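Peer 1: Residue numbers (the numbering used here), protein chains in the order written: chain A, 800 to 1285; chain B, 2 to 337.
By construction, the Cβ of each residue, glycine as well, lies at the ideal position given by its N, Cα and C atoms.
Computed from a predicted model, the values in this text were never measured in an experiment.
This is the structure I want to talk about, given as structure tokens.
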């Protein structure tokens, strides 16, 4: 079930929300059971067959968590942990990477398994691996299967994150106040949800046709892009993926808040970053944190010398890229960000203290922001492209290496997106508003309902109602969330 | 806390009520015809019910331009390749291109066509009455054909539907369209029961008009009225068009142009006193489609243009195809 569907908004959400508070009036556990059932329905609505896989995964990891927690010695705990992680990764690898490996091993031969990627498998697998590691470190010890099931399946985060930690969530599900109506949470949740819905439908989906048209054209051997077209598509995708994923996250956070659950923030205005290190503290924060805590540090982090630190960093980003999907573009994207981070750390090491005073702060800040932003845009081109030749073609056009010259008559007629056969000026207008949003407005995690008088309440009701109405007017078009595929 | 409750309940409940109300009416907004879509009126009132002839999909195949006997430039009337099936059934090979892919019949159109490999003789230029003048003017102003990389759409066309369920609804449209359709339905019934006006405009470009003997012309439930496209002029086509057609014919060298001007629906049913087609057939190879339409109506043809559409029905297309085939045969080209 999609958040941006009539069924979710007008049937599922009112029924589940009302049912949750109604059931909780009798006993808290009824509210929790209701949420579990509703979350399983939410997941099974897409394809009931994969509900079984999800339930098996939950049962297996709960069982292994118990074993790890209760094991007599550290050695036994470690064995359970390794076995559980390996099995989780094998399942993930089968569904997500089997065809990729087969295609690369048997290159030229049509070896292909008919596998459908279960929705959200990367998210719920990583969430549960984190739980197992926490159980191993004795930071988590869950005894109630229903609570554990709710932690994994809670519908706002189930399909596209954020990646959750057991220790952050379980106390919230155990709290009595969670099961009582909190109007401030309901109001703020609705505000956040409407902002997320608007980000997705009014912005991300508006960029989508431009991006698709130019990237599709680039895959045609006969077509050469102009510099303008290449930059327009790259920028449009940069904004599309942000509005899409952060919009989904805002909706997830808003929905969770309506149930008195606070999910961790996943974005913090990432395009305001002034370095790549800064960017990764602001983009998909829960995944970055997961990779840092459970991969980078496990590999040794920065404890084993400078060279090993950079190797660990690179490997972490490479695997982070692979997490997004089975394809060379994702691997190159991860590798590129790994390189960016190494350069960024080297720069900091070599020039720490030198810069201060030599260059005005506003200038160094602006240059740093621009360099970071361009580096991120370049990486997104690789991330979005169908294959590396397509990415290289767009990058070559962006940097004037191989491109189609812009005709004077096209400039005079405003036909600057000839290859897309779409109005270029509309994209320019959209991109300008999108850029102002991401660069000037505060991050949406600061959005909340202001409980200060009736007039403000009415004003906020009009704004939220207007956003919901405008967003719903965009329903009916093909509008999948980009991060569902990961 | 007090205003948070007021805000949440007010906004959430209003929005949910709007959604539920919209969803209740949304199935009304499953449109089959272009006029019902524009007017936002449900098919259960204006959707055609008379079963249309079946067309073998094989007859809708596009022939490569180099093999074609007939090259056709068309608008939306002919993009479904239904009338062309009459020609292909007689073993003629037809290559169809949309206005837009070849925007104009430029000065070098004949040279361009030959350069594309066309070896046939017949060049059918089809346009609806509404767009005739601007297409003529644009063509006369055009020197060179724009070079397109891809010529003609080889995609298979699906056979036109023979029937559809006028009561079938779906939930793919916008909520607001469902609500507006429900409101327009209410207006339609009010208008239908009143004697105040003979015609009524529900949306900017569409009007409803009572039709005398409408139920002998249309098969929809409310057959004593039909939808029409407002910009369709009551005036006859500017006679200046005739000279322009002759000027374009003069450009076409050894190609034999056949002009197919499809009368507007309003011309066929409301403004029948037009003489352009009579004059045109005197000066050019051009089937008189207005006479054909009027003759069909006189002989009891139901849904020549369906009540919900500006375009012909399948029956209408087949009659049009017969008229074009007759025009081709005048020249002695027979079925192979």
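Suppose you measure from the CA of residue 220(B) to the CA of residue 301(B); what does that come to, to the nearest Å?
Peer 2: Straight-line Cα distance between these residues: approximately 12 Å.
Peer 1: Put residue 911(A) into one of helix, strand or coil per three-state DSSP.
Peer 2: Residue 911(A): coil per DSSP, three-state reduction.
Peer 1: Less than 8 Å between C-beta atoms, sequence neighbours within five positions excluded: which residues of the same chain meet that for residue 240(B)?
Peer 2: Excluding sequence neighbours, residue 240(B) sits near 277, 280.
Peer 1: Within 9 Å of any Cβ in chain A, is that where the Cβ of residue 11(B) sits?
Peer 2: By this cut-off, residue 11(B) is an interface position.
Peer 1: Measure the beta-carbon distance from residue 961(A) to residue 1062(A) and round it to whole angstroms, keeping in mind my assumption that it falls under 8 Å.
Peer 2: Sure, about 6 Å apart at Cβ, within 8 Å.
Peer 1: Could you compute how far the alpha carbon of residue 274(B) sits from the alpha carbon of residue 1028(A)?
Peer 2: Approximately 52 Å between the Cα atoms of the pair.
Peer 1: Helix, strand or coil: which one does DSSP assign to residue 1272(A)?
Peer 2: In the structure shown, residue 1272(A) sits in coil (DSSP, three-state: anything other than H, G, I, E or B).
Peer 1: Any beta carbon of chain B sitting closer than 9 Å to that of residue 1251(A)?
Peer 2: So, interface residue.
Peer 1: Ignoring anything shorter than 4 residues, give me the alpha helix (DSSP H) runs that lie fully in the stretch 56-105 of chain B, in order along the chain.
Peer 2: DSSP runs (the alpha helix (DSSP H)) wholly in the stretch 56-105 of chain B: 85-90.
Peer 1: Within this structure, are the beta carbons of residue 1266(A) and residue 997(A) separated by less than 9 Å?
Peer 2: Result yes, Cβ atoms of residue 1266(A) and residue 997(A) sit closer than 9 Å.
Peer 1: Report all residues from its chain with a CB closer than 7 Å to the CB of residue 51(B); omit the five preceding and five following residues, and keep chain order.
Peer 2: Only 220, 303, 304 meet the Cβ criterion.
Peer 1: Given a threshold of 16 other Cβ atoms within 10 Å of its Cβ, counted over all protein chains shown, does residue 283(B) qualify as buried or as exposed?
Peer 2: Its Cβ having fewer than 16 others within 10 Å, residue 283(B) is exposed.
Peer 1: Taking only beta-carbon atoms, is residue 813(A) less than 9 Å away from chain B?
Peer 2: It does: the Cβ of residue 813(A) has a partner Cβ on chain B nearer than 9 Å.
Peer 1: Taking residue 856(A) as part of the beta strand (DSSP E), name the residues at either end of that continuous run.
Peer 2: It is not in any beta strand (DSSP E) - residue 856(A) instead sits in the alpha helix (DSSP H) that spans 848-869.
Peer 1: With a threshold of 16 other CB atoms inside 10 Å of the CB of residue 1182(A), please say whether the residue is buried or exposed.
Peer 2: With 16 or more Cβ atoms within 10 Å of its Cβ, residue 1182(A) is classed as buried.
Peer 1: Could you tell me which uninterrupted alpha helix (DSSP H) segments, each at least 4 residues in length, are contained entirely in the stretch 170-213 of chain B, listed from first to last along the chain?
Peer 2: Complete alpha helix (DSSP H) runs here, min 4: 176-194.
Peer 1: Using a Cβ-Cβ distance cut-off of 9 Å, determine whether residue 20(B) contacts chain A.
Peer 2: It does; some Cβ of chain A falls within 9 Å.
Peer 1: Among the residues of its own chain, which have a CB less than 8 Å from the CB of residue 340(B), if the five just before and after it don't count?
Peer 2: Because chain B in this structure spans residues 2 to 337, residue 340(B) falls outside the shown range and cannot be described.
Peer 1: Straight-line CA distance for residue 966(A) to residue 938(A)?
Peer 2: Rounded to the nearest angstrom, the two C-alpha atoms are 7 Å apart.
Peer 1: Kindly provide the ranges of any alpha helix (DSSP H) runs that are 4 or more residues long and lie completely inside the stretch 961-1030 of chain A, ordered along the chain.
Peer 2: Qualifying alpha helix (DSSP H) stretches, in chain order: 965-973, 982-997, 1004-1017.
Peer 1: Is there a Cβ of chain A sitting closer than 9 Å to that of residue 16(B), yes or no?
Peer 2: True, the Cβ-Cβ gap to chain A drops below 9 Å.
Peer 1: Name the residues in the stretch 172-203 of chain B whose C-beta lies less than 7 Å from a C-beta of chain A; which are they?
Peer 2: So the list reads 172, 173, 174, 175, 176, 177, given in the order they occur along the chain.
Peer 1: Where do the N-terminal and C-terminal ends of the beta strand (DSSP E) with residue 303(B) fall, by residue?
Peer 2: Taken as a continuous stretch (DSSP letters only), residue 303(B) belongs to no beta strand (DSSP E), as it is neither H nor E.
Peer 1: Would you list the residues sitting across from residue 127(B) in a DSSP beta bridge?
Peer 2: Note: residue 127(B) sits in a beta bridge opposite 261(B).
Peer 1: Given that residue 327(B) touches chain A, what residues does it touch there, using C-beta distances under 9 Å?
Peer 2: The premise fails here: residue 327(B) is roughly 38 Å from chain A at the closest Cβ pair, so nothing lies under 9 Å.
Peer 1: Assign residue 1202(A) to one of three DSSP states: helix, strand, or coil.
Peer 2: DSSP places residue 1202(A) in coil when its eight states are reduced to three.
Peer 1: Using 9 Å as the threshold, is the C-beta distance between residue 926(A) and residue 888(A) below it?
Peer 2: Not closer than 9 Å, so no.
Peer 1: Hey, could you find the ends of the alpha helix (DSSP H) residue 229(B) is sitting in?
Peer 2: Careful: residue 229(B) lies outside any alpha helix (DSSP H), inside the beta strand (DSSP E) at 226-230.
Peer 1: Contact between the stretch 34-42 of chain B and the stretch 54-72 of chain B: three or more CB pairs below 8 Å?
Peer 2: In short, these stretches do not touch, since the Cβ pair count stays below three.
Peer 1: Is the Cβ of residue 99(B) closer than 9 Å to any Cβ of chain A?
Peer 2: Judged by the 9 Å Cβ criterion, residue 99(B) is not in contact with chain A.
Peer 1: Comparing C-alpha positions only, which one of 324(B), 143(B), 306(B) sits nearest to residue 47(B)?
Peer 2: With distances taken between Cα atoms, residue 47(B) lies closest to 306(B).
Peer 1: Can you find at least 3 beta carbon pairs, one from the stretch 1122-1131 of chain A and one from the stretch 1065-1082 of chain A, that sit closer than 8 Å?
Peer 2: Output reads no: the stretch 1065-1082 of chain A does not touch the stretch 1122-1131 of chain A.
Peer 1: In or out: residue 128(B) buried (at least 16 other Cβ within 10 Å) or exposed?
Peer 2: Under this definition residue 128(B) is a buried residue.
Peer 1: Return no unless some Cβ of chain A is closer than 9 Å to the Cβ of residue 105(B).
Peer 2: With 9 Å as the cut-off, residue 105(B) does not count as an interface residue toward chain A.
Peer 1: Please name the residue in 1127(A), 1188(A), 1189(A), 1074(A) whose C-alpha comes closest to that of residue 1144(A).
Peer 2: Ranking 1127(A), 1188(A), 1189(A), 1074(A) by Cα distance to residue 1144(A) puts 1074(A) first.
Peer 1: Using the beta-carbon count (16 or more within 10 Å), is residue 893(A) buried or exposed?
Peer 2: Exposed, by the Cβ-count rule.
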